[in-house]
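K.L.:
Okay, so the sequence shown: first residue is -3 according to the working numbering, each after it adds one.
Think of the CB as a built atom: it goes at the ideal place given N, C-alpha and C, for glycine as much as any other residue.
Could you have a look at this structure, given as C-alpha cells, before my questions?
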Amino acid sequence: MKPRIVRANEGSTKLAPADKFVGQVLQDQVFVPEDPSRLRVTRVTFTPGGRTNWHAHAVGQILYVLSGTGRFQLDEGVVQEILPGDTVVIPPHTRHWHGAAPDQMMCHLALSETDDSGAATDWLEPVSEEDYTAATG
Ligand code: MN
C-alpha cells in the first residue's frame, strides 16, 4: 500500500453484471484491496428499479447512502427505505438486497472485506417484483 491520492478520473465506470443485478446499475471502484488491507470500497449507482440480487457477505458489509432514495431488505424482514446519510450494517452470512426506489435513483458506498479464505460475496437469486415493490416499513 503506497501513500497517494487516487484521482477521480483514473478509473472508469462499469455496468454491473446482469447475473448479479436487476436493471441498470453502475459501479465505480473507490478502493481495491491492497495488502495488508482487505477493504474494498465501491460507489454503486442504481437507476430507478435497479437492485442487487439476493446475496450474503462473508464478513458483512457497510453501506453509506450518498444520494437519492433507496430500498433495503434483510432476509424475511420488511423492505426499508434508505436515505442520504444513512449507514446500513449487514452482518456476516445474512441474506439481503439493496437498490433504488422504483421511481428514483440511489447511490451508496459499499464497504466490505474478504474472509481468511478470500471469500467475499455469495450471489443468489434475483429479487422478485413482489418483494421489490412491497410496501416499505
Ligand atoms: Mn450487500
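Going by Cα to Cα distance, which pick from His92, Gly45 and Ile78 is closest to Gln57?
P.N.:
Closest by alpha carbon: His92.
K.L.:
Taking DSSP as the reference, what is the three-state secondary structure of Ala14?
P.N.:
Residue state, collapsed to three classes: coil.
K.L.:
Can you list, in chain order, the stretches of the beta strand (DSSP E) that have 3 or more residues and sit fully within the segment 0 to 72?
P.N.:
DSSP runs (the beta strand (DSSP E)) wholly in the segment 0 to 72: 21 to 27, 35 to 42, 51 to 53, 57 to 64 and 66 to 70.
K.L.:
DSSP three-state label for Asp118, please.
P.N.:
In this structure, Asp118 counts as strand in the three-state DSSP scheme.
K.L.:
For Met(-3), count the other beta carbons within 10 Å of its own beta carbon; 16 or more makes it buried, fewer makes it exposed. Which is it?
P.N.:
Met(-3) should be labelled exposed.
K.L.:
Would you report the Cα separation of Glu125 and Ala14, rounded to the nearest angstrom?
P.N.:
Distance between the alpha carbons of Glu125 and Ala14: 16 Å.
K.L.:
Out of Val28, Ser8, Thr83 and Asn5, state which residue places its alpha-carbon closest to the alpha-carbon of Thr110.
P.N.:
Out of Val28, Ser8, Thr83 and Asn5, Val28 has the C-alpha closest to the C-alpha of Thr110.
K.L.:
Considering Asp99, what are the terminal residues of the alpha helix (DSSP H) in which it resides?
P.N.:
Run containing Asp99: none; DSSP gives neither H nor E here.
K.L.:
Could you give the first and the last residue of the continuous beta strand (DSSP E) run that contains Val85?
P.N.:
Counting along the chain, the beta strand (DSSP E) containing Val85 begins and ends at Thr83 to Ile86.
K.L.:
Residue range of the alpha helix (DSSP H) that Asp112 falls in?
P.N.:
Premise fails: Asp112 is in no alpha helix (DSSP H) and is neither H nor E.
K.L.:
Less than 8 Å between the CB atoms is what I'm expecting for Gln23 and Gly46, so what's the real figure, rounded?
P.N.:
Contact flag wrong, Cβ pair sits at about 11 Å.
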